[in-house]
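Working notes, beginning with the structure itself.
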Amino acid sequence: MMDFTFTEEQEMLRDAARSFAETEIAPYAQEWDKNCAYPEEMIKKLGEQGFMGILIPEEYSGAGCGYMEFAIILEELARHDGGLALAVEAHNGLACQHILIGGNEEQKKKYLPALAAGDQIGAWCLTEPNSGSDAIAMETTATRDGDDWILNGSKQFITNGHRAQTYVVMTVTDPEASPRGITAFVVERDTPGLSTGKKEEKMGMRSSDTVVVSLDNVRVPDAQRLNDVNKGFDDVKKVLEHGRVMISALCQGLTRGALEVAAQYAQERVAFGKPIARFQSIQNKLADLAVGYEAGNLLLYRSASMLDQGTCSIKQAAMCKLFISENTTKSCLEAIQVLGGYGYLAEYNVERFLRDAKLCEIGEGTSEVMRILIAKHIDPANPAAS
Ligand SMILES: Cc1cc2nc3c(=O)[nH]c(=O)nc-3n(C[C@H](O)[C@H](O)[C@H](O)COP(=O)(O)OP(=O)(O)OC[C@H]3O[C@@H](n4cnc5c(N)ncnc54)[C@H](O)[C@@H]3O)c2cc1C
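Here the sequence shown is numbered in this note's numbering, starting from 6 and rising by one per residue.
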């Protein structure tokens, strides 16, 4: 149960993802960061690799993989570009996953094949200008009108929102229901009344797009409602729980990147007549980076395998995200220090890894919220239980 040795198939998948990332992402990642965009054709290329339908069963044209495989792929993509990895994570882990969890057979057949092929990218719309951590305070409404629903409101910080063709949108359908009646809908890009704002200027994750998605009397048929009316928040919680483990895999890619760059640089850089790797202060930093990465892997693989077995708790997912995301930011800072002035330059990528890493302490639940969730789920009779 606790053996995290990769299977032969997982090794092959990792090699394929690594080689794809080294040839198709690494040479361009700095340029995408600078231009705040990856090229449109990347979505199709990712689709051809099976990376746009990772969790989608083969019957809907997906790769039919589990969370362990999802984690392996995300780490490899993020090793070179956190932004592109975030786009892939939000597409697979949030939008597609919500359709998988809450969608009926007809909806899965209608939406998943094009998303899995990379013909389309998906966006997941929960956050609003006045509700982030307090998601249940959302103000976007869906009002019944015959066989249709009319959606009104505004969603903020939506990853892939600029390029998406398929949006999963959370709305309030019954403000009196407890804990507020939230219902999710699939909204197609060309639906009248749906519009997107300008791409936000961001600190990191710059190759991914982040926009406001506005809904102005958007009419959608009841057939585009996911799950039962007022039951959307149950699915949101599941999506976020799984997403938190997957964003941790993205972090591990950044941590590994920071470690690899720092370790190599420390061998090559000479000061006071010897490689800086021979100074104990630098060795301490490299040791901490290696330990943090390894500890992160254990948490990540345990949580991913628990997700695959259906036993991952809210607390486990939160512990995984909290530890790994904070360790990633710390690791990137330390890697910059190992490189000295060069660490501060774009050329060595570690400053970009740091900018990308910081988002992971915020998105899909902040560190403060993770601590609240963990503390809330500590059983005084068995506090060490996961
Ligand atoms: C680049 C980027 C991409 C994103 N992508 C998506 C996406 O695709 N879809 C989507 O729906 N959202 C997305 N988000 C939104 C993200 O999930 C939210 O930013 C996050 O949940 C935090 O919400 P907030 O920004 O409103 O902060 P707030 O909730 O306003 O929090 C502000 C501060 O207060 C703290 N705080 C809040 N409540 C408490 C409390 N009870 N106790 C202690 N401290 C508290 C927070 O931890 C934080 O430090 C994205 C955000 C960014 C920046």
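Built from N, CA and C at the ideal position, the CB exists for glycine as well.
Being a predicted model, the structure only gives us computed values, none of them experimental.
Where does residue i fall in DSSP's three states?
i      : result
Cys130 : strand
Asn302 : helix
Arg230 : strand
Ile163 : strand
Ala182 : coil
Ala276 : strand
Met47  : helix
Tyr33  : coil
Ala390 : coil
Glu339 : helix
Ile77  : helix
Ala42  : coil
Gln285 : helix
Thr10  : coil
Met311 : helix
Note the first and the last residue of the continuous beta strand (DSSP E) segment covering residue i.
i      : result
Asn222 : Thr215 to Pro226
Ala189 : Gly186 to Glu193
Tyr172 : Thr171 to Asp179
Leu199 : Leu199 to Thr201
Would you please state the rounded distance, in angstroms, between the beta carbons of residue i and residue j? I believe it to be under 8 Å.
i      : j      : result
Glu14  : Gln257 : Their Cβ separation, rounded to whole angstroms, is 20 Å, which puts Glu14 and Gln257 out of contact at 8 Å.
Thr100 : Ala121 : Per the sequence shown, the amino acid found at residue 100 is Ala instead of Thr. So it is not a contact: roughly 12 Å between Cβ atoms.
Ala42  : His85  : About 16 Å; that fails the 8 Å criterion.
Ser159 : Thr146 : Their Cβ separation, rounded to whole angstroms, is 11 Å, which puts Ser159 and Thr146 out of contact at 8 Å.
Thr371 : Thr260 : That pair is no contact at about 19 Å.
Ala189 : Val174 : 7 Å
What does the Cβ neighbour count give for residue i, buried or exposed, with the cut at 16 atoms within 10 Å?
i      : result
Lys49  : exposed
Gln102 : buried
Thr164 : buried
Glu369 : buried
Leu5   : There is no way to answer for residue 5, as the model of the chain reaches only from 6 to 391.
Asn97  : buried
Gln314 : exposed
Val132 : With the sequence shown as reference, residue 132 is identified as Thr, and Val is not the correct amino acid for it. Buried.
Asn354 : buried
Asp361 : buried
Met251 : buried
Tell me the residue span of the alpha helix (DSSP H) that contains residue i.
i      : result
Gln272 : Gly237 to Glu273
His4   : Given that the chain is displayed from residue 6 to residue 391, the structure contains no residue 4 and the question cannot be resolved.
Ser66  : Where Ser66 is concerned, there is no enclosing alpha helix (DSSP H), given that its DSSP letter is neither H nor E.
Phe25  : Glu13 to Phe25
Ala105 : According to the sequence shown, residue 105 is Leu rather than Ala. Unbroken alpha helix (DSSP H) run through Leu105: Gln102 to Gly107.
Scan the stretch 313 to 337 and note each continuous alpha helix (DSSP H) run of 4 residues or more that stays entirely inside, going in chain order. none
Could you name each continuous beta strand (DSSP E) segment of 3 residues or more that falls completely within the stretch 113 to 160, going from the start of the chain to the end? Qualifying beta strand (DSSP E) stretches, in chain order: 127 to 130 and 146 to 150.
Practice problem: Return the chain-ordered ranges of every alpha helix (DSSP H) run that is complete within the stretch 343 to 385 and spans a minimum of 4 residues. | Solution: 355 to 364 and 372 to 381
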